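The next block holds one structure in the form of structure tokens; read it before the comments.
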Amino acid sequence: MTLRAGVLAVQGDVSEHGDAIERAATAHDRTAEVVEIREAGLVPDCDVLLLPGGESTTISRLIHREGIAEEIESHVDAGKPVLATCAGLIVSATDAQDDRVDTLNVIDVSVERNAFGRQKDSFEAPLDVTGLDDSFPAVFIRAPVIDYVGEDVEVLATWDDRPVAVRDGPVVGTSFHPELTEDPRIHDLAFFDSVES
Ligand code: GLN
Numbered sequence: 001m002t003l004r005a006g007v008l009a010v011q012g013d014v015s016e017h018g019d020a021i022e023r024a025a026t027a028h029d030r031t032a033e034v035v036e037i038r039e040a041g042l043v044p045d046c047d048v049l050l051l052p053g054g055e056s057t058t059i060s061r062l063i064h065r066e067g068i069a070e071e072i073e074s075h076v077d078a079g080k081p082v083l084a085t086c087a088g089l090i091v092s093a094t095d096a097q098d099d100r101v102d103t104l105n106v107i108d109v110s111v112e113r114n115a116f117g118r119q120k121d122s123f124e125a126p127l128d129v130t131g132l133d134d135s136f137p138a139v140f141i142r143a144p145v146i147d148y149v150g151e152d153v154e155v156l157a158t159w160d161d162r163p164v165a166v167r168d169g170p171v172v173g174t175s176f177h178p179e180l181t182e183d184p185r186i187h188d189l190a191f192f193d194s195v196e197s
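Residue numbers for the sequence shown follow the UniProt record's numbering, so the first one is 1 and each next one is one higher.
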């Protein structure tokens, strides 16, 4: 069965995520059809969703304006998988500590925008991630810090003693950008661990 993967395409690394999803699908002898989401009406037909990085204030404004936000919330309520990376994590959080970001409340965390950024705007770190056999090369770009984690949220990885990958039910959120390496294991973890084959 082909996996229909919606990638929010209002901003961010759309094609890189599409490639990572296809690589992860191939490893499971599956095919993936990537659907770019820019308008309402497409999310309900997707098996999994990807919310990429970018600028969380802009992404939040556009998904509410286009009526996509409610569809993402329904997707999560139905227990279908989502991977939210960097700005995608910020938009998915319960609290973004910034009034300009109207969050989706699908990951029970509070995040501080740009908290890993500023001094060293971008860095790569080998992360131990629950469920992966060896470390994942995580690329952080003006990344958010998760500074509160709700009790139903599983922390999958930490860096500097702070959570940087979490799972809240069907939603996996990362502070870093797993699409910027050739390694599809985070997409695999988010999508294929929880989707029937
Ligand atoms: N700093 C961005 C924000 O606050 C996120 C950066 C990213 O997605 N790489 O929205």
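A virtual CB, placed ideally from N, CA and C, is assigned to each residue, including glycine. What you are looking at is a predicted structure, and each value in this text was computed from that prediction instead of being measured.
For the beta strand (DSSP E) that Phe191 lies in, which residues bound it at each end? Position 191 of the sequence shown, counted from the start, is the residue given in the question as residue 191. Note, Phe191: premise wrong, no beta strand (DSSP E); alpha helix (DSSP H) at 185-191.
Look at the Cβ atom of Phe116, then the Cβ atom of Ala138, and state whether they are nearer than 8 Å. As a first step, residue 116 must be located in the sequence shown, where it is residue number 116. As a first step, residue 138 must be located in the sequence shown, where it is residue number 138. No, they are not a contact pair.
To the nearest angstrom, report how far apart Ala32 and Asp19 are at their CA atoms. Here residue 32 is taken as the residue at index 32 of the sequence shown, counted from 1. Here residue 19 is taken as the residue at index 19 of the sequence shown, counted from 1. Rounded to the nearest angstrom, the two C-alpha atoms are 10 Å apart.
Complete beta strand (DSSP E) runs within the segment 5-83 (minimum length 3 residues, chain order): Runs of the beta strand (DSSP E) inside the segment 5-83: 32-37, 48-51.
Do Val166 and Val149 come within 8 Å of each other at the CB atom, strictly closer than that value? Taking the first residue of the sequence shown as 1, we reach residue 149 at position 149. Taking the first residue of the sequence shown as 1, we reach residue 166 at position 166. Yes, these two residues count as a Cβ contact at 8 Å.
Determine whether the beta carbon atoms of Gly53 and Gly12 lie at a separation below 8 Å. The residue given as residue 53 occupies position 53 in the sequence shown. The residue given as residue 12 occupies position 12 in the sequence shown. The criterion of a C-beta distance shorter than 8 Å is satisfied by Gly53 and Gly12.
Report whether the distance from the Cβ of Ala87 to the nearest heavy atom of the ligand GLN is below 7 Å. Walking along the sequence shown from the start, residue 87 turns up at place 87. The answer is yes for Ala87.
Just to check, is the beta-carbon of Val179 closer than 7 Å to a non-hydrogen atom of the ligand GLN? If you number the sequence shown from 1, residue 179 lands on position 179. With the sequence shown as reference, residue 179 is identified as Glu, and Val is not the correct amino acid for it. Because no heavy atom of the ligand GLN lies under 7 Å away, the Cβ of Glu179 does not count as near it: no.
Would a C-beta distance cut-off of 8 Å place Asp168 and Val101 closer than the cut-off? Taking the sequence shown and counting its residues from 1, the one referred to as residue 168 is at position 168. Taking the sequence shown and counting its residues from 1, the one referred to as residue 101 is at position 101. No, the Cβ-Cβ distance between Asp168 and Val101 is not below 8 Å.
In terms of residues, what are the limits of the beta strand (DSSP E) holding Ser122? If you number the sequence shown from 1, residue 122 lands on position 122. Start and end: 122-127.
Hey, is the segment 38-48 in contact with the segment 67-76, meaning 3+ C-beta pairs nearer than 8 Å? yes
Which of the three DSSP states, helix, strand or coil, is assigned to Val195? In the sequence shown, residue 195 corresponds to position 195, counting from 1. With a pLDDT of 49 at Val195, under the threshold of 50, the modelled position of that residue is not reliable, and no figure is offered here.
So for Val149, helix, strand or coil by DSSP? As a first step, residue 149 must be located in the sequence shown, where it is residue number 149. Looking at Val149 - three-state DSSP - the assignment turns out to be strand.
Beta-carbon of Val106 versus every beta-carbon of chain D: anything under 8 Å? Annotation note: the requested chain D is absent from the structure, which comprises a single protein chain.
Answer yes or no: do Thr85 and Glu179 have a C-beta to C-beta separation smaller than 8 Å? Residue numbering aside, residue 85 sits at position 85 when the sequence shown is read from its first letter. Residue numbering aside, residue 179 sits at position 179 when the sequence shown is read from its first letter. Yes, the Cβ-Cβ distance between Thr85 and Glu179 is below 8 Å.
DSSP state of Ser135, grouped into three classes? Here residue 135 corresponds to residue number 135 of the sequence shown, with the count starting at 1. Three-state DSSP puts Ser135 in coil, outside helix and strand.
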